[in-house]
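Notes follow the structure.
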Amino acid sequence: MSTTNSQILNLWGVLSESKRIINAHSRHFLALSVIFLLPLSFSLIIYPTLQSTFLSSDSLIPQQSLFISSPYASPHPTTAQFLLPLVYTLFVLLLSLLAVATITYSTFHGFYGRPVKLMSSFKSTLYSFLPLVSSFLVSQFIVALIISLLGLFAALIYKSLQLYGLDMDFDSKYFLGFSILVAIMVGLVLVWLQVNWSLGSVVVVVESKWGFEPLQRSYYLLSGMKRVALSMLLFYGLAIGLLVWGCSTSVANAGQASGWWRWTFVLQTVVSSAFITLLMLHNVAANVVLYMYCKALHGELAFEIAEEFACQYVSLPFDCQKVPHIVSVVEV
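If you want the working numbering, it's the 1-based position in the sequence shown plus 858.
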C-alpha cells in the first residue's frame, strides 16, 4: 500500500490525474481556456512588441519639441508610457484571477466525478473573486515587506564592507559579487514563499477563505509535499517562461522582418498562444489535484468522500455496541 501511495503522491501522479480530469471534461475546459487563458497567453506574447512599438512612436514627440525649441515639454508621452503598463497589469491580473477561480472550481468538482457546467463555473467567481484579490494583496504586501527587510540588511552589509576598506564601487568585482549574492538570496526567498503558498488560490475557491488564512492553510497542507510543489513550480514555471520569452522574441523579429500582417507572424502567434494556454490550464488543474492529495495525506479526504457518497449508502445500526454496517444501495 505504501508503494502505491509513493507512486501516486509525486509529480507524475499529479500530472496524470489532472490530465485525466481535463480529458474527461475536454469541452468544458476548452471553453474556459478560450475565454480566459487564450487572451492572457496572447497578451504575454504580443505585449513586449506592442510596448516597444508604442514607446518608439511616442519618443518622436520630445524630439520634435526639441527641434522646434519649444519651451514647453509635452507631458503626454510620460503619462501614456505610465498608463500602458498599468492597464496591461490590471488586464493580466483580472484574467488570471478569473481563470484560476473558474478552472479551480471545475477541477475540484471533476475530481469527485460531478458534472461541471459553464454557468456554475462563472457563478463561482461571484464568491471567490474578491477573496482571491484580498489574498493576492496580502501575499504581495508580505513579499514587499520581506524584500524591503532584505534590502535594508544588504545595505547594512554594504556599508560595513565599505568601512572595512573594500572597494565597493559600482564597477568593482566586489560589488558585482555582492549583487549576485543578494539576488540569489532574494530569489531563494521568493521561491520558498511561492512553494509554500502554491495552494492558496485553491483554498480560497474550495474552502471560502480569504486574506492571510489561505496562505497559512497552504503552508500546513504542503507539509510533506513541498518537493512535489517545488517540482511543479520549476516544471510549469520554466516551461511557460521559456516559451513566452522565445515566442515573444520570434514574434518581434517576424514583425520587423515581414510586417505585422504576414502569415508567419499570425501562425507563430496562434501556435505559441495555444501551447502556453495548454500549459496554464494544466498548471491550475495540477494545483487542485495537489491540494486533494495533500488533504488525503493529512487524513482530511476520507471524511469528505464519505459525505460525498453518503446518499448512495444506508447505515444499519444492528446493535448500539457494534460498529454500524454499511450496505450499498444499487438501483436495478
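Where a beta carbon is used, it is the ideal one built from N, C-alpha and C, also for glycine.
Quiz item: Distance, Cα to Cα, leucine 976 vs valine 1146?
Solution: Cα to Cα, leucine 976 sits roughly 18 Å from valine 1146.
Self-check item: Same chain, Cβ closer than 8 Å to valine 1001, five either side skipped, listed in chain order
Solution: Leu1048, Leu1051
Self-check item: Residue span of the alpha helix (DSSP H) that contains tryptophan 870, given as start and end
Solution: 869 to 882
Quiz item: First and last residue of the alpha helix (DSSP H) that includes glutamate 1065?
Solution: Unbroken alpha helix (DSSP H) run through glutamate 1065: 1058 to 1065.
Practice problem: Using the Cα positions of phenylalanine 980 and alanine 1132, report the straight-line distance between them to the nearest angstrom. | Solution: Rounded to the nearest whole angstrom, the CA to CA distance from phenylalanine 980 to alanine 1132 is 22 Å.
Practice problem: Quick one: using the 10 Å Cβ neighbour count with 16 as the cut-off for buried, is serine 876 buried or exposed? | Solution: buried
Exercise. Just the C-alpha distance for isoleucine 1015 and serine 874, rounded to the nearest angstrom, thanks.
Key: Straight-line Cα distance between these residues: approximately 47 Å.
Quiz prompt | C-beta atoms of leucine 990 and valine 958 nearer than 8 Å | solution = Yes.
Quiz item: For aspartate 1027, which residues of its own chain have a beta-carbon under 8 Å away from its beta-carbon, when the five flanking residues on both sides are left out?
Solution: Phe1033
Quiz item: How long is the line joining the alpha carbons of leucine 1003 and glycine 1157, rounded to whole angstroms?
Solution: A straight-line Cα-Cα distance of about 35 Å links leucine 1003 and glycine 1157.
Practice problem: Tell me whether arginine 1085 sits in a helix, a strand or coil according to DSSP, three-state version. | Solution: helix
Quiz item: Just how far apart, CA to CA, sit glutamine 1020 and asparagine 868?
Solution: Near 48 Å, if we compare the C-alpha coordinates of asparagine 868 and glutamine 1020.
Quiz item: Is valine 872 buried or exposed, if buried means 16 or more other CB atoms sit within 10 Å of its CB?
Solution: buried
Quiz item: Between the C-alpha atoms of serine 964 and proline 1072, what's the straight-line distance to the nearest angstrom?
Solution: 19 Å
Self-check item: Alpha-carbon to alpha-carbon, glutamine 909 and glycine 1213
Solution: For residue 1213 there is no data in the structure shown, the boundaries of the chain being 859 and 1190.
Quiz item: With respect to the alpha helix (DSSP H) encompassing tryptophan 1050, which residues constitute its N-terminal and C-terminal limits?
Solution: Run containing tryptophan 1050: 1031 to 1054, per the alpha helix (DSSP H) assignment.
Quiz prompt | Segment limits, alpha helix (DSSP H) that includes arginine 1075 | solution = 1071 to 1079
Quiz item: Among the residues of its own chain, which have a CB less than 6 Å from the CB of tyrosine 1149, if the five just before and after it don't count?
Solution: Leu1057, Val1060
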